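Below is one structure, written out as structure tokens; comments come after it.
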Amino acid sequence: MKTRIYTADMIDHPDVKADIKKTLLSGKHVVFPTETVYGIGAYALHETGILNIYRVKGRPSDNPLIMHLPSPDTIAPYVVVEQPYVNALMDAFWPGPLTLVCKKKDTVPLWLTGGLDTVGIRLPSHPVAQKVLNIAGIPICAPSANLSGRPSATLFEHVLDDFNHRVDIIIDGGKSEVGLESTVLDVTQIKPVILRPGVITKTMLEDVVGPVEVQLETPHDIAPRSPGMKYKHYAPKGEMVIVEGETEKVVTYIKEQITLQQQAGRKVGVIATDDLMEQFAPAYVYTLGDVARETDIAANLYIALRRMDALDMDVIYSIAFHQSVYQEVIMNRLYKAANHRVIKV
Numbered sequence: 002m003k004t005r006i007y008t009a010d011m012i013d014h015p016d017v018k019a020d021i022k023k024t025l026l027s028g029k030h031v032v033f034p035t036e037t038v039y040g041i042g043a044y045a046l047h048e049t050g051i052l053n054i055y056r057v058k059g060r061p062s063d064n065p066l067i068m069h070l071p072s073p074d075t076i077a078p079y080v081v082v083e084q085p086y087v088n089a090l091m092d093a094f095w096p097g098p099l100t101l102v103c104k105k106k107d108t109v110p111l112w113l114t115g116g117l118d119t120v121g122i123r124l125p126s127h128p129v130a131q132k133v134l135n136i137a138g139i140p141i142c143a144p145s146a147n148l149s150g151r152p153s154a155t156l157f158e159h160v161l162d163d164f165n166h167r168v169d170i171i172i173d174g175g176k177s178e179v180g181l182e183s184t185v186l187d188v189t190q191i192k193p194v195i196l197r198p199g200v201i202t203k204t205m206l207e208d209v210v211g212p213v214e215v216q217l218e219t220p221h222d223i224a225p226r227s228p229g230m231k232y233k234h235y236a237p238k239g240e241m242v243i244v245e246g247e248t249e250k251v252v253t254y255i256k257e258q259i260t261l262q263q264q265a266g267r268k269v270g271v272i273a274t275d276d277l278m279e280q281f282a283p284a285y286v287y288t289l290g291d292v293a294r295e296t297d298i299a300a301n302l303y304i305a306l307r308r309m310d311a312l313d314m315d316v317i318y319s320i321a322f323h324q325s326v327y328q329e330v331i332m333n334r335l336y337k338a339a340n341h342r343v344i345k346v
């Protein structure tokens, strides 16, 4: 398959608009940027298109997809909004990186929801994503544009690595601003429940609607209500370890491990911040940025994991980020990337 590649400034051209719309309506795939990560988009109500998303990603069939819509006034045909606090959430955080899990209507088929009676809906804020949704005029499911289990794509180059010659259209929108998947919030209960943390934090949500509960995992014999709850996610190819503790002890431990691993002939990578990167030579160090610039730390995490894969690192050590305002989401992704391999020093 020859993939057609468009830049963000090309999608206003009438011929490109027509190509995007025709591709989506026919059940084929368009990869486009969102503010969180790149998404592989298909017409949400086209069964072949949706089933092919599961196929091309290698995604388990009970892992539900999120429906993307252009505006709040387009959600009524697809979901039932039961709780009075939902409108306050929409007003506060849409468009943006918040997915709301609602009771689905019969218009939403079960093969879209992993067999559940709920569906996640989101209004992305990225201008390219908004244009694609308005061009198509249909609901679009757009899970992260990565092979299932691998780090999500936040750069155009990441998408090419995974999906060039495997999808019909890829739109280059540069680097994703947020760089981590949306917060997923179940709004079918009296109290909302966080199913997947994101940069819209528990504190931010509670400032709007009061107490919010958290449920980040689901038993293996139960279908997950949100992506990221059940299956291996975000993992690099190499063995990854999170090292937690006082900074001096963390640095000492990682330096000792670098020496031991390199003596054993293994390639070693370290994920750290600007203030620590010189401590870990001669290992390859990817800095997530200035520790005080927390949005950069979040936005660069998947870039770091992808870079480790590109360099074929055998083992990867990462410092922890428990002091960040985004610690819930960053550590959630790191723990999953490391398959919960944690060393406390």
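Quick note: the sequence shown uses our numbering, first residue 2, plus one each step.
Just so it is clear, CB atoms sit at the ideal spot from N, CA and C, and this is done for glycine as well.
As the structure is a prediction and not an experimental result, all values here were calculated from the model.
query	result
Beta-carbon gap between Gly50 and Ser27 smaller than 9 Å	yes
Residue environment, Gln36, which counts as buried when at least 16 other CB atoms sit within 10 Å	It is worth fixing the name first, because residue 36 is Glu in this sequence and not Gln. Buried, because 16 or more other Cβ atoms sit within 10 Å of the Cβ of Glu36.
N- and C-terminal bounds of the beta strand (DSSP E) containing Phe33	31-33
Distance between beta carbons of Glu178 and Ser153, contact taken as under 8 Å	14 Å between Cβ atoms; not a contact.
Inter-residue CB distance, Leu134 and Ile141 (contact presumed, cutoff 8 Å)	6 Å
CA nearest to the CA of Val326, picked from Gly115, Val271, Ala293, His69	Ala293
Candidates Val188, Asp20, Pro237, Tyr254: closest to Cys1 by CA position	There is no way to answer for residue 1, as the model of the chain reaches only from 2 to 346.
Same chain, Cβ closer than 6 Å to Lys29, five either side skipped, listed in chain order	Asp169
Enclosing alpha helix (DSSP H) for Leu148 [first to last residue]	Looking at the DSSP string, Leu148 is not in any alpha helix (DSSP H), and its letter there is neither H nor E.
Same chain, Cβ closer than 8 Å to Thr4, five either side skipped, listed in chain order	Phe164, Asn165, His166, Arg167, Val168, Asp169, Ile170, Ile171
Residue range of the unbroken beta strand (DSSP E) whose run includes Lys192	Note, Lys192: premise wrong, no beta strand (DSSP E); not H, not E.
Identity of the residues DSSP links to Tyr287 by a beta bridge	Ile272
Check whether Phe322 and Leu335 have beta carbons under 9 Å apart	yes
Opposing strand residues paired with Ile122 [DSSP bridges]	Met68, Leu101
6 Å CB neighbourhood of Ala43 in its chain, flanking five on each side removed	His30, Gly50, Ile51, Ile54, Cys142
Short Cβ contact (9 Å threshold) for Thr184 with Val330	yes
N- and C-terminal bounds of the beta strand (DSSP E) containing Lys238	Per DSSP, Lys238 belongs to no beta strand (DSSP E) and is neither H nor E.
Integer-rounded CB distance, given that Tyr79 should sit under 8 Å from Val109	5 Å
Ile317 vs Val271 beta-carbon contact at 9 Å	yes
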